[in-house]
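Quick note on numbering: the sequence shown equals residues 1 to 656 in my numbering.
We put the CB at the ideal spot given by N, CA and C, even for glycine.
One structure below.
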Amino acid sequence: MSFVIVAPELMTTAAADLERIESALRAAHAAAATSTTQVLAAAGDEVSQAVAALFSAHGQEYQALKAQASAFNDGFARALAASGSAYASAEAAAASPLQAAQDAVMGAINSPFLMLTGRPLIGDGANGLPGTGQAGGAGGWLIGSGGNGGSGKPGTGNGAGGIGGAGGAAGLWGHGGNGGAGGIGGSSGGIGGNGGTGGANGWIGGGNGGAGGPGGTGGTGAPGGNGGVGGPNIQLLSLNGAGGPGGAGGTGGAGHAGVDSTVAAGKGGTGFAGGAGGQGGAGGANQALLGGFGGAGGTGGTGGSGGAGGAGAAADAAHTVAGNGGTGGAGGAAGAGGAGGAGGILLGHPGTGGLGGTGGTGGAGGTGGAGNGLNVFSFGGFGGNGGIGGAGGFGGNSSGAGINGTGGGGGTGGAGGTGGYNLGILGTDADVLVGGGGGGGGVGGRAGGGGTGGTGGGGGGGTGGTGGVGGTGGGAFEYDGFSLNLGAGGGHGGGGGAGATASGSAGGLGGAGGGGGGGGVTDSGVATGGGGGGGGGAASAAGVGGTGGVGGWASCVAPGTGQGGNPGIGGAGTGGGGGGGAFAINGGFFGAGVANGGVGTDGAAGGAGGATGNNWDVNMGGRGGKGAIVGVGGAGGEGGAGAKWFGGGGGVSGQS
1 MSFVIVAPEL
11 MTTAAADLER
21 IESALRAAHA
31 AAATSTTQVL
41 AAAGDEVSQA
51 VAALFSAHGQ
61 EYQALKAQAS
71 AFNDGFARAL
81 AASGSAYASA
91 EAAAASPLQA
101 AQDAVMGAIN
111 SPFLMLTGRP
121 LIGDGANGLP
131 GTGQAGGAGG
141 WLIGSGGNGG
151 SGKPGTGNGA
161 GGIGGAGGAA
171 GLWGHGGNGG
181 AGGIGGSSGG
191 IGGNGGTGGA
201 NGWIGGGNGG
211 AGGPGGTGGT
221 GAPGGNGGVG
231 GPNIQLLSLN
241 GAGGPGGAGG
251 TGGAGHAGVD
261 STVAAGKGGT
271 GFAGGAGGQG
281 GAGGANQALL
291 GGFGGAGGTG
301 GTGGSGGAGG
311 AGAAADAAHT
321 VAGNGGTGGA
331 GGAAGAGGAG
341 GAGGILLGHP
351 GTGGLGGTGG
361 TGGAGGTGGA
371 GNGLNVFSFG
381 GFGGNGGIGG
391 AGGFGGNSSG
401 AGINGTGGGG
411 GTGGAGGTGG
421 YNLGILGTDA
431 DVLVGGGGGG
441 GGVGGRAGGG
451 GTGGTGGGGG
461 GGTGGTGGVG
471 GTGGGAFEYD
481 GFSLNLGAGG
491 GHGGGGGAGA
501 TASGSAGGLG
511 GAGGGGGGGG
521 VTDSGVATGG
531 GGGGGGGAAS
541 AAGVGGTGGV
551 GGWASCVAPG
561 TGQGGNPGIG
571 GAGTGGGGGG
581 GAFAINGGFF
591 GAGVANGGVG
601 TDGAAGGAGG
611 ATGNNWDVNM
621 GGRGGKGAIV
631 GVGGAGGEGG
641 AGAKWFGGGG
651 GVSGQS
């Protein structure tokens, strides 16, 4: 007895390909028919006419053969397409009675159980509809996995998102359904919905408990929803069965930005804080009589980003000082990791605690307003300070000898705002133009602590957040005048966040400090480039100090100077490097790089001296920075190079 395996859809595709090939050949033959069947004689003699008649006869015979081949191809393509349709019809006809018979048998088996318990004997549970929070259906009493819960309904306005549907439970054999995701919060500050709970697995096997649903994202500035609890492991004798993992916490909503000032010399509005991240769901408990594993805790949600500060307004004729930029909003705190699922009765293993979430990033500071260069005294506005980074979430705990979760990292501090510029036209000797200073970088967020130590030891502490970068100083420019123009200094970098401590485990690292911002640029008159901001110091003993910012440029006819930024001060770890000196072009005497290495267990090297000014007379490189004085002394910084005569002095080595 022979068997034939046919794919009807492939036969239909092949027939269509044959028809396309025949169509292309038919067009080519038609184009060549006239020139090949009616060949003209080269001359009027008998030989030329005989040759032309011979070639024309060959062309006519070819066209006749082509017609026969075309007819054969058409017939074959039609037969192939008809065969594919016939096979498809036969397959459908054969499948329908079998499917109908199967449905009839299953209906006869399941109908009594559905009537009495509302649950079939065999079969998987139905999934909940998305956006409704509908629970997943239970699996069959004998064999069948639970259905997944539907996602929660999205919130509107300031309404909270709906809770995700619970996952359905399995029967004797099967896995639990997953919980549905929480609905997102309304855009106007609605809280994210909580994730649904996972369903239990089968009593004798077939898989694990269902995963808890993730929490929904919060609306603007609102907290994210909590993750759902994982489904339990209820197997009687469990070799590899486990409770479902907890759902991840939802992300906090980003904060509103501050309002830009519209009043002359007005200050920009403060940015709003980001929403907190949701807590991770607990892992499913191991309820097996013998063996099995508890589910892992869910990861804490990430904090929302802080809103940016609003821009300061420019000065007018009635105001000598422009408005400052607004402070950036703080980043939202991260959610804690979920607890690990409990161990079983005999020889069970508890679940691992969830990781703490990462703190939200602080909002950037607003830009300072521009000064009014037509005034005798004019000051650009200061850039706003960056927002503080959000705190990292605590690691989840574990029962018994389980592993505890690691704390989450602190959020990055927001960048400082740019200082306002100052532009003068037709100035006089009495004019004083000062660019606005750059805003300070935001402080890095505090790291989350590790979970409480069980018998197996505590989780590790998180890493502190990185400090924000200082803002750039504003420039001062004067055209057609000899005013005193001062480019403002860049903002200081934000301090690094503290590393968290942990019971029974090493503490986390402190965050690195943010780099300082560059100073402003000036033109005409006596100009001083602003100093770069100092790098932020790390708050933890193991932190790394931030690098100092680069001093601003000074460009003028009279002497110009620039000051490099100071470095950040580290904890017991490595100190930060010093900032480079500024450049004074066309008249600068010194490019001073006074930059000290940060304090550390092993002293960091001092910063390099600044490059020389470009001058017609005496040129001296900047002095190198000092090495650190705690622990092993750091090497002194390298002196700056002189353009003509004098190189800069080397830095002082640190003391042990």
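Would the beta-carbon of Ala50 be found less than 7 Å away from any heavy atom of the ligand GTP? As presented, the structure is devoid of all ligands, the ligand GTP included, so that no description of it is given.
Within the same chain, show all residues whose beta-carbon is closer than 6 Å to that of Ser238, passing over the 5 residues directly before and after it, in chain order. Ala288, Gly291, Gly292
Taking only the alpha-carbon atoms, compute the straight-line gap between Ala308 and Asn385 and give it to the nearest angstrom. 10 Å
Of the choices Gly283, Ile234, Gly359, Ala317, whose alpha-carbon is the least far from that of Ala273? Gly359
Using only alpha-carbon positions, find the residue among Thr132, Gly338, Gly168, Gln134 that is nearest to Pro662. The chain is shown from 1 up to 656; residue 662 falls before or after that span and cannot be answered.
Quick one: any contact between the stretch 171 to 179 and the stretch 198 to 206, if contact means 3 or more CB pairs under 8 Å? yes
Can you give the beta carbon distance from Gly387 to Gly338, rounded, assuming they're within the 8 Å contact cut? Actually they do not touch by this definition, with Cβ atoms about 28 Å apart.
Assess, as a yes-or-no matter, whether the stretch 154 to 166 is touched by the stretch 137 to 145 under the definition of 3 or more beta carbon pairs within less than 8 Å. no
Residue burial classification, Ala135 (beta-carbon count within 10 angstroms, cutoff 16): buried
State whether the stretch 237 to 251 contacts the stretch 313 to 320, with contact taken as three or more CB pairs (one from each stretch) at a distance under 8 Å. no
Every unbroken beta strand (DSSP E) within the stretch 274 to 336, with a cutoff of 3 residues, ordered by chain: 290 to 293
Roughly how far, in whole angstroms, is the beta-carbon of Val327 from the beta-carbon of Thr367, given that I think they are within contact range, below 8 Å? First, the amino acid is wrong: residue 327 is Thr here, not Val. With 8 Å as the limit, Thr327 and Thr367 do not qualify as a contact, their Cβ atoms being about 12 Å apart.
Residues in the same chain with beta-carbon distance under 7 Å from Gly44, minus the five sequence neighbours each way, listed in chain order, please. none
Name the residue from Gly165, Asn110, Gln99, Pro154 whose alpha carbon lies nearest to the alpha carbon of Leu129. Gly165
Since I believe Gly335 is in contact with Gly281 (beta carbons under 8 Å), could you give me their beta-carbon distance rounded to a whole number of angstroms? Wrong, their Cβ atoms sit about 10 Å apart, outside the cutoff.
Of the residues Ala16, Thr37, Ser305, the one placed nearest Gly64, counting alpha carbons only: Reading the sequence as shown, one finds Ala at residue 64 and not Gly. Looking at the Cα atoms, Thr37 is the closest of the given residues.
With 16 other Cβ atoms within 10 Å as the buried cut-off, status of Asp74: exposed
Cβ shell of Arg20 (< 7 Å), same chain only, five flanking positions each side left out: none
Within the continuous alpha helix (DSSP H) that includes Leu25, where are the two ends? 8 to 37
Just to confirm before moving on: does the CB-CB distance between Gly193 and Gly227 stay below 8 Å? no
Residues in its own chain within less than 6 Å of Asn324 by CB, not counting five upstream and five downstream? Lys267, Gly312, Gly368, Gly381, Phe382
Use the C-beta contact count for Ser89: other C-beta atoms within 10 angstroms, 16 or more gives buried, fewer gives exposed. exposed
Pick from Ala101, Pro350, Gly253: whose alpha carbon is nearest that of Gly275? Gly253
Distance, Gly306 Cα to Ala330 Cα: 5 Å
Rounded to whole angstroms, what is the Cα-Cα separation between Gly362 and Val321? 27 Å
Who are the Cβ neighbours of Gly55 in its own chain at under 6 Å, not counting the five residues just before and after it? Rather than Gly, the amino acid found at residue 55 in this sequence is Phe. Only Val39 meet the Cβ criterion.
Measure the C-alpha to C-alpha separation of Phe113 and Gly300 and round it to an integer number of angstroms. 41 Å
I need the straight-line Cα distance from Gly389 to Ala333, nearest angstrom please. 8 Å
Whole-angstrom Cβ separation of Asn178 and Gly150, contact assumed at under 8 Å? Going by Cβ atoms, the distance from Asn178 to Gly150 rounds to 11 Å, so no, they are not a contact pair.
Can the beta-carbon of Gly247 be found less than 8 Å from the beta-carbon of Gly310? no
Please identify the residue among Leu80, Gly219, Gly131 whose C-alpha is closest to the C-alpha of Val6. Leu80
Here's the rule: buried if 16 or more other CB atoms are within 10 angstroms of the residue's CB, otherwise exposed. What is Thr13? exposed
Which one of Ala50, Ser70, Val47, Ser187 has the shortest CA to CA distance from Ala27? Ser70
Using only CA atoms, which one of Phe379, Gly392, Gln60 lies nearest to Thr412? Gly392
Does the beta-carbon distance from Ala181 to Pro214 come in below 8 Å? yes
Own chain, CB closer than 6 Å to Tyr87, minus 5 neighbours either side, in chain order: Val6, Pro8
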